[in-house]
Every structure is written in C-alpha cells, then in structure tokens.
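Notes follow once the structure below has been shown.
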Amino acid sequence: MKDRIYFYPIWVRSWHAINALMFLVLIFTGFSIQYATTSVSWIRFDRAVVVHDIAGLILTFNYLIFLFGNILSDNGRFYRFTLKGGLNRLIQQFHFYTMGIFKGAPYPFPINKYRKFNPLQKLTYLLSMYLGIPLMIITGLTLYFPAVFNLIGLTSLVISDLIHILLGYFLSIFMVIHVYFCTIGHTVTSNFKSMLNGWHELH
Amino acid sequence: MKKKRVILLLALLLLLPFILYTPVSVRAQEGQAARKDSTGKDKHKERVYTNKTENNVCLKCHSKTHIEYMAEGATKVYKQKMFSECIIDTNLFYNANHWNFKCTDCHSDEYSTFPHKGELRFEEKPGCLDCHAGDPQYAQFNFEKIDEEFKKSIHFQRQGGSFSCWACHDGHYYKINARNRQENILAAIEYDNNICLSCHANIQKYQLITNKVNPNILQKHEWLPNQPNHFKHVRCIECHAQVNDSLMVAHNIQPKSKAVKKCAECHSGNSRLMASLYKYQLENQGKYSLPESGFTNEPVIIGGKRNGLLKLLGNIALLLTIVVVVIHSTLRIVSKKN
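For the protein sequence lines, the chains are A and W, in the order given. Each residue of the first sequence is one higher than the one before, starting from 68 at the first, in the numbering used here. Each residue of the second sequence is one higher than the one before, starting from -8 at the first, in the numbering used here.
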C-alpha cells in the first residue's frame, strides 16, 4: 500500500478541472483576439470574442466555488502564507528546484497532511488565486460591460485593458510552470492522477 | 481572523473600480476644451457678425413658430403657423460654419418681398463646389475630391441630382466636425452619426428621397456584438464608407453589400479606424493625443494595435519560461534523480 493522502475532494477536483479547461480556452482565444488580422486568425474574431466571454463567465462562477469552498471547508488553510521566515523558506525551495533536484537532495518541505503545498507553490497559488484571478475577473467585466464601467471614466477602461493583458501573460506563464511542476511528483504522472482520483501519492 | 481577511480582500476588490475612477467633470472639461482655442479663449466670442441686421428682416418671422401679417387690402391680422422646416434656430445658425452668411447669399433676393412668390420654393440651391471649388483658402478640405468621392457613393449613384450636399450637411447648422472636436471625440461621433440618422431613422425625411420604407437600424445591426457600444464609439461611415487617404472624412458611401462586416477590419493591428476615425489625431500627433487612450496614446480597440510593447515583453517572458522548462526537464532526465 502506497503512502497517500486524500487531498482533493470532489469539489476541488471539479473546480480545478473546469478552471484548467477555461484557462486553456481563455489563453487560446485571448491570443487569437490580440493577434487577429483580416486574413489570418486562429479563430474568427467574433467567434473568439464570444467563446472568450463565455469562458470568462464560467471561470468567474467557478471562482466563486473556489472562494466559498475555501471559506466553508478547511481547504483554505493550505493557502496561508506565514510572512515570518517566508523569504528564507522560499529561497530554500528555489534552491531545491534549481540545484538539489538534480542531485537527488531531499525535499526541503515534504508534503504531509498539514502541508499540501511547498512555500513556492503556496505563494504562487495565493497570488494567482487571491489576486490574479479576482483582478482578471474585474478587468474582464469592465471590458465585457464597457457601457456600465464607462460611467467611471474611459481611463479606467484603458487601465483595465492593460491589467487584463498583463495578467493574461502572468497566468499563462503560471500555467506553463504549474503543469511542468506537476511532473515533479512520486512519478511523472502521479500528480495528474491525483487530480482525477483525489489521492496525493507521497514521495 | 481568517474570515476578516477574506472580507477585507473582497472589499478591496469591490472598491477597485472606484479607485480607477475618473471624475465625470474631467470629461466635461474636455468637452469645454474643444470649444476653446489653444490660448484658452472662447472662439465664438471674438466673432464679428456683419449680417445680423440684414438677416433679422428674414429671421423676425423665420425664427418663430407663428407669423402674423396683414395682407394688402385685408381688414384683419392673419396669424399662421410656420412650417417647422422654415424655422431657423438662430443660436445654432450663428454658431455654425456659415455663421456670417446673409440669408440671400444662398437664397434668392426675391425673398425680400412678402408674401414670397410660390415658385421661389423650386429655386436651385448652390452646392458646396459653387462657393468652395478652386478656393486656396479651403484647399485643405479638398472639396473637389469630396465631390468626386460623393459622385461614386451609393447616395449619388441611386438618387443622382436629387441627393445634394445639403441632404447630409444642413446649410444652416452644419459645423465642421472631424477637425474640430479632437478632445471630445464621442461628441464628434454622435454629431456625425446623427447626420446619417436624420434620414435613416426618420421616415419622413427618408421618403423625400425614396419611396421605400427605411430599414430599422437596430434590427439591421443586431449581428453587431455590443451594439450600443459600437454605435457610441464609432461613426456609421467607419463601416459604410470607403476610406480615401486624401480625405479626412470618407464620402464614398458604399452599398450595404459592401459594408464592413469583418470584425478584424477594425479589431486588428492594422485597424481601418487609424485611417478614418483617428486619422486627424494621427496626422497631428503632438497637438492632439488619441482619444480614450489615457497614457498609452492608443485608443481602446479590442485586438487593436495597442499595448505593443507589453505584448512583446509578455511573449518574450512566455517563450523564456518554456525554454527554462525544456532545459530543466532535460537536466532532470539526464541526472535521473527526480
């Protein structure tokens, strides 16, 4: 019997699956919209906009599941980042990923039932989920309902647009790193399997 | 403690739009700026009207909703309602392009006698070229080219001589627009679109030119995503007129089959709006910034040419991330440790 912890209840897995799918759709359509031309585009502009809007709205409602799920369950505790000694822990984890990992060094912050994420994971998830996604949703809504948000001045639309694109890149980069780091598990595929069956296999 | 933090965070997020708030008064000031010249003086205050006295002979009746007169030999004063088309809004007239015209500059001298002769209503009105052709003072407007483009337009092709400059440009109230309201482009757009709507949303005026029933503009444009936003932020001619590089405002109105329907015509790096709606600002950079652009000096056109540097840096960062991932995974495979 392998050592494993039931970290991902069905609501977390459902939220995560929808979130991942919407991320992919939004990144793909977002790029298509940004680089549309009359002759070449991945998807026709109007269709890309409609799909992007629908995916954005699904992501927004899905985010509420994450937010309230974390408030109502004890899953939120895994996202708590203690500032005291935080930098030191981040450096340790960074050092492991850039050096130790190639030498077979032990994990500086092994996963256990009290620690679902290592410090780097915790910080990036915290920033992505509690800052990045909410800002993305708000700026997305200002672009989706420009008439409403025009009431607060056109400059706000420019800033929204700028933040939306900037965050789009940040979250795209986050997704690439996130998917790659998921290959660093008990086996290359064990972390992906855990998001299907809910069980996290320990190293 | 945890709940307090979540509530605080949510409150902050809800407040964000208000943090980004630009007061409405700023936009109102922008509108006022458009009426002032570079020295901040109100342009209209310095106008010297030389024909007001003469015009008052006409306007004493034609600025009122009713007229009273006693015909020769009559025994009582006759009161009549003035046709709305014959009533001149003097305030608009004296602020319009032809503000210092005498009425008889365009209308027959014979109007000076009253009652006016019936046949005078069939008088041929002078067109733009009758006054503006070959005049070096107006060379920048390129009236000859405007006329050339207008003659190619669906309006002229379908209606011929019955469709003149005055069908769109009201001789009494027309104000130069594209060059004149750079700080308040929304007002310029509304003004321009109202020219089109004065016929296309008004069956009585529409049927002065054709016996057809005017199509419902909103229904015809139902396909347009976020229709109210498009109507507010672009002019009809952006999609319905062929852009001509030598003109500030396109006058070659196209048949509906040739209307722009591809979103990417505007929503792309090579947006046609740069050659039409934003042409004047682009040709006068330094003097005017692009409207709605804030600090980026680019208009907000989704998918447009904006945020070029940001997108370049973003793409580089994304590519570098992929490169690092490839190198990292290769080293992991080679080291066979994790």
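Ideal Cβ positions, reconstructed from N, Cα and C, are used throughout, including at glycine.
The count of Cβ pairs closer than 8 Å, one atom from the region 59 to 71 of chain W and one from the region 138 to 151 of chain W, stays below three, leaving the stretches out of contact. Rounded to whole angstroms, the gap between the alpha carbons of serine 54 (chain W) and isoleucine 125 (chain A) is 59 Å. Nearest C-alpha to isoleucine 58 (chain W) among W:Cys49, W:Ala65, W:Cys187: W:Cys49. For a cut-off of 8 Å, the C-beta gap from isoleucine 292 (chain W) to leucine 273 (chain W) is around 13 Å, too long to register as a contact. In this structure, the alpha-carbon of phenylalanine 128 (chain A) lies about 10 Å from that of isoleucine 204 (chain A). Taking the Cα of leucine 187 (chain A) as reference, the smallest distance to any Cα among A:Asp120, A:Thr165, A:Tyr236 is reached at A:Thr165. When beta bridges are read from the DSSP output, glutamine 188 (chain A) appears opposite no residue. Taking C-alpha positions only, asparagine 42 (chain W) is separated from glycine 109 (chain W) by approximately 26 Å. Taking a Cβ-Cβ threshold of 9 Å, the residues of chain A close to arginine 323 (chain W) are Ile168, Phe169, Thr250, Ile251, in chain order. Rounded to the nearest whole angstrom, the C-alpha separation of valine 234 (chain W) and isoleucine 77 (chain A) is 57 Å.
Here the alpha carbon of asparagine 185 (chain A) sits roughly 34 Å from the alpha carbon of isoleucine 226 (chain A). Of all residues in the region 210 to 221 of chain W, only Trp214, Pro216, Asn217, Pro219, Asn220 come within less than 9 Å of chain A when Cβ atoms are compared, listed by chain position. Using a Cβ distance threshold of 7 Å, histidine 231 (chain W) and isoleucine 244 (chain W) count as a contacting pair.
Serine 267 (chain W) sits close to glutamate 229 (chain W), with the two beta carbons spaced by under 7 Å. DSSP links isoleucine 200 (chain W) through a beta bridge to no other residue. Runs of the alpha helix (DSSP H) lying entirely within the region 83 to 166 of chain A, each at least 4 residues long, are 112 to 139, 153 to 162 in chain order. Shown in chain order are the members of the region 245 to 271 of chain W whose Cβ falls below 8 Å from a Cβ of chain A: Lys253, Cys254, Ala255, Glu256, His258, Ser259, Gly260, Asn261. Between histidine 253 (chain A) and histidine 231 (chain A), the gap from beta carbon to beta carbon reaches 7 Å or more.
Restricted to the region 134 to 182 of chain W, the alpha helix (DSSP H) segments that are unbroken, complete and at least 4 residues in length are 134 to 143, 145 to 150, listed in chain order. From the beta-carbon of valine 316 (chain W), the residues of chain A found nearer than 8 Å are Val243, Ile244, Tyr247. Residues of chain A with a Cβ closer than 7 Å to the Cβ of alanine 308 (chain W) are, in chain order, Tyr236, Ile240. If you draw a 10 Å sphere on the C-beta of alanine 214 (chain A), you find fewer than 16 other C-beta atoms in it, and that means exposed. Beta-bridge annotation (DSSP): lysine 70 (chain W) is paired with W:Glu59.
DSSP, reduced to helix, strand and coil, places tyrosine 73 (chain A) within a strand of the structure shown. In the DSSP assignment, glutamate 256 (chain W) falls outside any alpha helix (DSSP H) and carries neither an H nor an E.
For glutamate 110 (chain W), there is no enclosing alpha helix (DSSP H), as DSSP marks it with neither H nor E.
Beyond the five residues adjoining it in sequence on each side, phenylalanine 90 (chain A) comes within less than 8 Å, by CB distance, of Leu126, Leu238, Met242 in the same chain, given in chain order. Taking a beta-carbon distance threshold of 7 Å, leucine 303 (chain W) does not count as an interface residue toward chain A.
Leucine 111 (chain W) is a Cβ neighbour of serine 99 (chain W), given a cutoff of 7 Å. Within its own chain, the residues whose Cβ lies closer than 8 Å to the Cβ of phenylalanine 145 (chain A), once the five positions on either side in sequence are excluded, are Arg182, Lys183, Phe184, Lys189, listed in chain order.
Histidine 123 (chain W) is positioned such that its CB atom lies no closer than 7 Å to that of phenylalanine 141 (chain W). One Cα belongs to glutamine 101 (chain A), the other to glutamate 256 (chain W), and the distance between them is close to 13 Å. Between phenylalanine 161 (chain A) and histidine 258 (chain W) the beta-carbon gap is near 41 Å, outside 8 Å, which marks them as no contact. The continuous stretches of beta strand (DSSP E) do not include glutamate 37 (chain W), and DSSP gives it neither H nor E. The beta-carbon separation of histidine 191 (chain W) and tyrosine 182 (chain W), rounded to 15 Å, does not stay under the 8 Å limit for a contact.
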